[in-house]
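**Q** Residue numbers (our numbering): 1 to 421.
One structure coming up, written as structure tokens, with questions to follow.
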């Protein structure tokens with residue numbers, strides 16, 4: 001087992017982890033980022049636009065990637081799994097398993113291996129809506145821009161075609177996993193979130209029609225580097241959208257699923273309504289909600305702008321059922337309309353379920369003094385001065401609040417290291 005030392009260890013390479021790492025490193029501290037995926041960027045890299053400014057996340061990520069690349073105080077380990085954390089503030093030891101990438105640093109990103117690869121598998125970056133090769137980068141902005149081989153997807157008879165076409169000797173299909181022990185003074189848990197599994201919500205029909213999708217899938221459909229190159233269409237037949245429904249709190253605020261409000265779903269839906277209205281000026285959008293939560297002046301202004309669109313219908317009421325008409329393929333949304341009184345049934349071309357954010361911090365091995373609450377978020381005790389939860393590892397928050405949380409965690413980690421060094 002090899003060893004390395006760092007002042008601050010950041011577990012997670014999404015927007016929270018990147019911000020924590022760069023803020024600490026630019027203050028003069030050494031930082032190591034651990035990311036379990038082959039690339040940095042996390043959930044933000046899958047987004048089409050931020051709210052409320054509706055600018056692409058690529059600009060913010062590019063700036064952070066550049067900050068990481070140009071700062072020699074930052075080390076990045078991808079495909080990294082934490083196996084054990086021991087020690088105390090100022091003196092942690094973390095055992096990390098580094099899974100093989102099967103591609104070394106000679107990779108130039110020429111794409112020859114992907115072109116030669118005979119295997120295609122569902123593309124998790126695009127929520128499984130298209131396919132990718134077993135040799136791949138996720139997008140044109142992947143960081144590091146270094147291909148990876150999905151060895152589990154490789155077929156025994158592929159003949160190592162990717163290795164044969166690589167001019168640079170960048171592929172090593174015999175690469176093995178290794179373990180490294182990292183010594184750190186402080187640790188930031190920036191493990192992020194995953195979308196709640198919509199298949200668990202029986203009445204909303206996910207999986208019964210390709211035109212009943214989740215908000216995460218909608219984000220990828222709307223993205224220029226997504227499966228439809230940004231064209232919002234019915235996935236069943238490629239037709240343009242004339243009517244679309246958005247169902248809020250799909251699994252959130254429900255004791256049978258996620259008991260808490262995920263904080264971002266209302267604003268994410270309002271944002272996605274603007275995607276549809278920009279592409280289809282005559283399209284109608286229906287938003288079914290329990291409450292619309294848009295705290296803050298900028299967010300409230302954004303809400304009012306969408307609300308004032310005469311083609312946007314806001315319906316306060318719980319959705320009872322979403323189903324597909326077998327004769328026409330139309331999606332039927334049945335709900336109560338509290339403000340008008342009675343029930344409502346709407347036929348649309350597509351229905352988007354606003355599934356909640358589910359934290360992933362509980363999936364890693366944590367010290368016994370770090371508790372996980374009933375909702376799956378990390379609870380750091382007042383006496384814990386060396387490990388800090390960041391962003392969606394701590395609470396359901398949007399990108400702006402994740403960045404704020406990360407800046408605070410960087411300061412706390414710096415104080416811990418400075419006090420105990």
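Even for Gly, the Cβ is constructed at its ideal location relative to N, Cα and C.
These numbers were taken from a predicted model, which means no experiment stands behind them.
1) What are the partner residues of residue 209, as DSSP defines its beta bridges?
2) Using the Cα positions of residue 82 and residue 252, report the straight-line distance between them to the nearest angstrom.
3) Tell me the DSSP secondary structure of residue 315 in three-state form.
4) Indicate whether residue 167 and residue 93 have their beta-carbon atoms separated by less than 8 Å.
5) What did DSSP end up calling residue 407 once you bin it into helix, strand or coil?
6) Relative to the alpha-carbon of residue 424, which residue among 13, 319, 254 has its alpha-carbon at the smallest distance?
7) Determine the contact status of residue 349 and residue 231, defining contact as a CB-CB distance below 8 Å.
8) Determine the burial state of residue 46: buried for a count of at least 16 other Cβ atoms within 10 Å of its Cβ, exposed for fewer.
9) Between which two residues does the beta strand (DSSP E) containing residue 63 stretch?
10) In the DSSP assignment, what residue or residues form a beta bridge with residue 353?
11) How about the stretch 393-407 and the stretch 259-278: do they share at least three Cβ pairs that are nearer than 8 Å?
12) Can you round the beta-carbon distance between residue 355 and residue 245 to whole angstroms, since I take them to be within the 8 Å contact cut?
13) With a 10 Å radius around its C-beta and 16 neighbouring C-beta atoms as the bar for buried, classify residue 101 as buried or exposed.
14) Name the two residues that bound the continuous beta strand (DSSP E) containing residue 84.
15) Whole alpha helix (DSSP H) runs in the stretch 12-66 with 4 or more residues, listed along the chain?
16) In whole angstroms, what separates the C-alpha of residue 301 from that of residue 56?
17) Once the 5 residues before and after residue 79 are set aside, which same chain residues still bring their CB inside 8 Å of it?
18) Inspect the beta-carbon positions of residue 417 and residue 65 and report whether they are closer than 8 Å.
19) In chain order, which alpha helix (DSSP H) runs of at least 4 residues are fully inside the stretch 131-210?
20) Inspect the beta-carbon positions of residue 414 and residue 24 and report whether they are closer than 8 Å.
21) Going by the CB atoms, is the gap between residue 126 and residue 227 shorter than 8 Å?
22) Considering only DSSP beta bridges, list what residue 363 is partnered with.
23) Run through the DSSP bridge pairs and tell me what residue 95 is partnered with.
24) By Cβ distance below 8 Å, which residues in the same chain neighbour residue 27 in space, the five residues on each side in sequence not counted?
25) Please confirm if the stretch 328-345 is in contact with the stretch 301-311, defined as three or more CB-CB distances below 8 Å between the two stretches.
26) If we call anything under 8 Å between Cβ atoms a contact, is residue 146 one with residue 103?
27) Our contact map puts residue 132 next to residue 120 with C-beta atoms below 8 Å; I'd like the distance itself, whole angstroms only.
28) What are the boundary residues of the beta strand (DSSP E) that residue 331 is part of?
**A** Result, derived from the coordinates:
1) As a position in the chain shown, residue 209 is number 209, starting the count at 1. According to DSSP, which records beta bridges pairwise, residue 209 is partnered with 206.
2) Walking along the chain shown from the start, residue 82 turns up at place 82. Walking along the chain shown from the start, residue 252 turns up at place 252. Cα to Cα, residue 82 sits roughly 29 Å from residue 252.
3) On the chain shown, position 315 is the one that residue 315 refers to. For residue 315, the three-state secondary structure derived from DSSP is strand.
4) Locating residue 167 in the chain shown gives position 167, counting from the first residue. Locating residue 93 in the chain shown gives position 93, counting from the first residue. Going by beta carbons, residue 167 and residue 93 fall outside the 8 Å limit.
5) If you number the chain shown from 1, residue 407 lands on position 407. Of the three classes helix, strand and coil, the one that applies to residue 407 here is helix, per DSSP.
6) The requested residue 424 does not occur in the structure, where the chain is confined to residues 1 to 421.
7) As a working mapping, residue 349 is identified with position 349 in the chain shown. As a working mapping, residue 231 is identified with position 231 in the chain shown. Between residue 349 and residue 231, the C-beta gap is not smaller than 8 Å, which leaves the two residues out of contact.
8) Numbered from its first residue, the chain shown carries residue 46 at position 46. Residue 46 should be labelled buried.
9) Within the chain shown, numbered from 1, the residue matching residue 63 stands at position 63. Note, residue 63: premise wrong, no beta strand (DSSP E); alpha helix (DSSP H) at 58-70.
10) Sequence index remark: in the chain shown, residue 353 carries index 353 (1-based). Paired residue(s): 214, 247.
11) They touch, by the three-pair rule.
12) The count along the chain shown starts at 1 and reaches residue 355 at position 355. The count along the chain shown starts at 1 and reaches residue 245 at position 245. Contact doesn't hold; Cβ gap of about 15 Å is too wide.
13) Counted from its first residue, the chain shown places residue 101 at position 101. When all chains shown are included, residue 101 counts as buried.
14) Stepping through the chain shown from its first residue, residue 84 is reached at position 84. Start and end: 80-88.
15) For the stretch 12-66, the full-length alpha helix (DSSP H) segments reaching 4 residues or more read 15-26 along the chain.
16) To locate residue 301, count along the chain shown from 1; it is residue 301. To locate residue 56, count along the chain shown from 1; it is residue 56. Inter-residue distance for residue 301 and residue 56 is about 20 Å (C-alpha atoms, whole angstroms).
17) To locate residue 79, count along the chain shown from 1; it is residue 79. If we look at residue 79 and ignore the five residues flanking it on each side, its Cβ neighbours are 35, 36, 37, 38, 98, 99, 100, 101, 148.
18) Numbered from 1 along the chain shown, position 417 holds the residue referred to as residue 417. Numbered from 1 along the chain shown, position 65 holds the residue referred to as residue 65. Remark: C-beta atoms of residue 417 and residue 65 do not approach each other more closely than 8 Å.
19) Taking 4 residues as the minimum length, the alpha helix (DSSP H) runs contained wholly in the stretch 131-210 are 161-165, in order along the chain.
20) For the purposes of this step, residue 414 is taken as residue 414 along the chain shown, with counting starting at 1. For the purposes of this step, residue 24 is taken as residue 24 along the chain shown, with counting starting at 1. Result yes, Cβ atoms of residue 414 and residue 24 sit closer than 8 Å.
21) Taking the chain shown and counting its residues from 1, the one referred to as residue 227 is at position 227. Taking the chain shown and counting its residues from 1, the one referred to as residue 126 is at position 126. Contact: yes.
22) Along the chain shown, read from residue 1 onward, the residue named residue 363 stands at position 363. Bridge partners of residue 363: none, in fact.
23) Along the chain shown, read from residue 1 onward, the residue named residue 95 stands at position 95. Answer by DSSP bridge pairing, in chain order: 84, 181.
24) Position 27 of the chain shown, counted from the start, is the residue given in the question as residue 27. Closer than 8 Å at the Cβ level, and outside the excluded window around residue 27, lie 410, 414.
25) In this structure the stretch 328-345 does not lie against the stretch 301-311, because fewer than three pairs of beta carbons, one per stretch, are closer than 8 Å.
26) Position 146 of the chain shown, counted from the start, is the residue given in the question as residue 146. Position 103 of the chain shown, counted from the start, is the residue given in the question as residue 103. The answer is yes: Cβ separation under 8 Å.
27) For the purposes of this step, residue 132 is identified with residue 132 of the chain shown, where counting begins at 1. For the purposes of this step, residue 120 is identified with residue 120 of the chain shown, where counting begins at 1. Confirmed, Cβ separation roughly 7 Å.
28) Within the chain shown, residue 331 is the residue found at index 331, counting from 1. Per DSSP, residue 331 is one residue of the beta strand (DSSP E) stretching across 331-336.
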